[in-house]
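When you line the sequence shown up against this note's numbering, it's residues 237 to 472, in that order.
Even for Gly, the Cβ is constructed at its ideal location relative to N, Cα and C.
Step one of this worksheet: look at the structure below.
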Amino acid sequence: LALTGDKSSGIATNNAGRLYRTAQDPYLKLLIKHHRDEHLSEHNLGYLYKTLIQAESSAEYIYETTRKGRSYQRYTNDSFGKQLKTMAEFINSGIQTKVFYTSHEGYDTHAGQLKTQPRLLNVFSKNLEAFVNDLQKGGSFDDTLIMVFSEFGRRVRQNAANGTDHGAANNVFIVGKNLKKNGIYNGLDDLRRLDANGDIRYEIDFRSIYSTILRNWLGVQDELILNDQFEYLDFI
Numbered sequence: 237l238a239l240t241g242d243k244s245s246g247i248a249t250n251n252a253g254r255l256y257r258t259a260q261d262p263y264l265k266l267l268i269k270h271h272r273d274e275h276l277s278e279h280n281l282g283y284l285y286k287t288l289i290q291a292e293s294s295a296e297y298i299y300e301t302t303r304k305g306r307s308y309q310r311y312t313n314d315s316f317g318k319q320l321k322t323m324a325e326f327i328n329s330g331i332q333t334k335v336f337y338t339s340h341e342g343y344d345t346h347a348g349q350l351k352t353q354p355r356l357l358n359v360f361s362k363n364l365e366a367f368v369n370d371l372q373k374g375g376s377f378d379d380t381l382i383m384v385f386s387e388f389g390r391r392v393r394q395n396a397a398n399g400t401d402h403g404a405a406n407n408v409f410i411v412g413k414n415l416k417k418n419g420i421y422n423g424l425d426d427l428r429r430l431d432a433n434g435d436i437r438y439e440i441d442f443r444s445i446y447s448t449i450l451r452n453w454l455g456v457q458d459e460l461i462l463n464d465q466f467e468y469l470d471f472i
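Right, dumping it as structure tokens:
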């Protein structure tokens, strides 16, 4: 769903060259060549043909544009590091893409959190630092806003498996050169005022963060995307 749009959809790839070579497959070329206008008006078949045509043109544009992109930093040799390196190359190439999305897995620490979390946060920290330095070196950081978020927080109390269960409130990191407000945005968590489930109470509705970024950074009508109006924050 993160890649699905009202009029067009995003593309997921970890290698622009491989994406381009796949789009140049002779069989796919033949399918595109022999499509007819009536195919495009048929619901299921039309969707497939439109997706195929868009993928071919997008793959060529991505490949030709990102060939000029450069990465200047060393990332960890894992999926997350490779994704951020590719993203830095894409952004430094000047490609006309407004939103990039990646993920770092493994934080659902129901067991053994003390062993798992430090390793994950170390990988995250090293790669985020490399990514910011890459964009600064490539002259792209001034025009980039980085948002780091998680699907859910963790409960305060440790469980019997030396981990923590799903919580309520969570952290969001915003990284950028032109932030109006630096540091911790809201007050520190009050561990004496947990909710009925033993979770930290949230202070800011995450949709206010989305609304602020959509309106003040991306320049779009946030209420049309979120189907409601939320308070704007003053960090950008």
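Counting along the chain, the unbroken alpha helix (DSSP H) around F360 starts and ends at Q349 to K373. Cβ neighbours of S307 within its own chain (closer than 6 Å, five residues either side excluded): K321, A324, E325 and D370. Beyond the five residues adjoining it in sequence on each side, S244 comes within less than 8 Å, by CB distance, of Q290 in the same chain, given in chain order.
Shown here for I445: same chain residues with a beta carbon closer than 7 Å to its own, the five before and five after excluded, namely V408 and L469 in chain order. The alpha carbon of N418 has as its nearest neighbour, out of I410, L424 and D425, the alpha carbon of I410. By the neighbour-count criterion, in which a residue is buried when 16 or more other Cβ atoms sit within 10 angstroms of its Cβ, E341 is exposed. For R390, DSSP records a beta bridge to H402. Sequence-distant partners of D441 (beyond 5 residues in either direction) whose C-beta falls short of 7 Å from its own C-beta, in its chain, are F466. The shortest C-alpha to C-alpha distance from K373 to any of I327, N395, P354 and I382 is the one to I327. In its chain, beyond the 5 residues on either side, G434 have a beta carbon closer than 7 Å to the beta carbon of R393.
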